[in-house]
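Those protein sequence lines, which keep their order, are chains A and B.
FYI, the UniProt record's numbering numbers position 74 of the first sequence as 74, with every residue one higher than the one before it.
FYI, the UniProt record's numbering numbers position 66 of the second sequence as 66, with every residue one higher than the one before it.
We treat Cβ as the ideally placed atom computed from N, Cα and C, and that holds for glycine.
Just so you know, these numbers come straight off a predicted model, no measurement behind them.
Have a look at the structure below, then the notes.
2 protein chains.
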Amino acid sequence: MSTVEKISFGQYIRELRENANLPLRRVASELDIDTSTLSKIEKNERNANEQIIDGISKIFHIEKSELKLRYLSDKITYQLLDEDNGLEILKVAEEKIKYQRQQNKK
Amino acid sequence: MSTVEKISFGQYIRELRENANLPLRRVASELDIDTSTLSKIEKNERNANEQIIDGISKIFHIEKSELKLRYLSDKITYQLLDEDNGLEILKVAEEKIKYQRQQNKK
DNA sequence: ACTATTTTGGACAAATAATGCCAAAACAAA
DNA sequence: TTTGTTTTGGCATTATTTGTCCAAAATAGT
């Protein structure tokens, strides 16, 4: 059973780190950020960014697309969770993306 | 033909205003913001916010849910347009929202 | 072309958010 | 409990965003 929809980005990268038995200190220094910042990212109290996703990808050998999938789907979920037409908004976004891509081909 | 996926939030509210034959000056003053700010929102160079969406809803008698649909789907589209797995990300976000709502019911 | 009005772009100030620092809390090993 | 280490929370600093003001550009009416 896939768990991608059940765990947050923060939980996911915390598990990666704990499975590798590394303290925040080590991973944060690799990422060139403060331990405190990484701690907050793992607790979903801070946003990650390209640089951090890139670094995590390298440290744990996870595809960037996998990390971005988890990160961005989390963000979008958070943006829409309180909208009563959240799922409809997603559908329209899907149509917009398809439309835009179609246009850009020309 | 529906155009919701073809026009941006900014274009949409500009059309509302132009169809009503109102200058930026009038609408902006109703919304209690600068004309310049409204101009930028119509050109998608600035974000709208709750207060503005609320005001537009009242001025033009458009459902808030309709405006939010257009506004948020635009933002999400913009966030994902450059991701090659953008559509997959949407699918996962959909599953996450459903999962979260299921959880919250309990 | 001239004038009046609307719209836009840029400079600046205020508000908001991100980040790092550091001390305290939590945890582990003895 | 004591010592050593990891993790967290709060605060100060920095960066980003947002909004206003104002002058210039664009548009409309005569």
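F60/A is a Cβ neighbour of L16/A, given a cutoff of 7 Å.
Under the Cβ criterion of 7 Å, T3/A is not counted among the residues facing chain B. At a beta-carbon threshold of 7 Å, the residues of chain B lying near Y99/A are E5 and K6, ordered along the chain. In this structure, the CA atom of S65/A is about 43 Å from the CA atom of L24/B. Under the three-state reduction of DSSP, L87/B is assigned to helix.
In the three-state reduction of the DSSP assignment, E45/B falls in the coil class. For N19/A, the enclosing alpha helix (DSSP H) covers residues F9 to N19. Only residues of its own chain outside the window of five on either side were considered, and among them S8 and F9 have a CB closer than 7 Å to the CB of D74/A, listed in chain order. Interface flag for V27/A against chain B is unset, since no Cβ pair is found closer than 7 Å.
Around the CB of A20/A, fewer than 16 other CB atoms lie within 10 Å, so the residue is classed as exposed.
Distance between Q100/A and Y78/A, taken at the CA atoms: about 24 Å. Under the three-state reduction of DSSP output, V27/B falls in the helix class.
In summary, K96/B is buried, with 16 or more beta-carbon neighbours lying within 10 Å of its beta-carbon over all protein chains present. Under a criterion of Cβ atoms nearer than 7 Å, no residue of chain B is adjacent to I52/A; the nearest Cβ is some 17 Å distant.
In the structure shown, I52/A adopts helical secondary structure according to DSSP, grouped into three states. Under the DSSP assignment, I76/B falls in the alpha helix (DSSP H) whose first and last residues are K64 to L80.
Close to G86/A, with beta-carbon spacing below 7 Å, are these residues of chain B in chain order: I97. Sequence-distant partners of R14/B (beyond 5 residues in either direction) whose C-beta falls short of 7 Å from its own C-beta, in its chain, are E42. Annotation: T35/A to L22/A spans about 12 Å, alpha carbon to alpha carbon.
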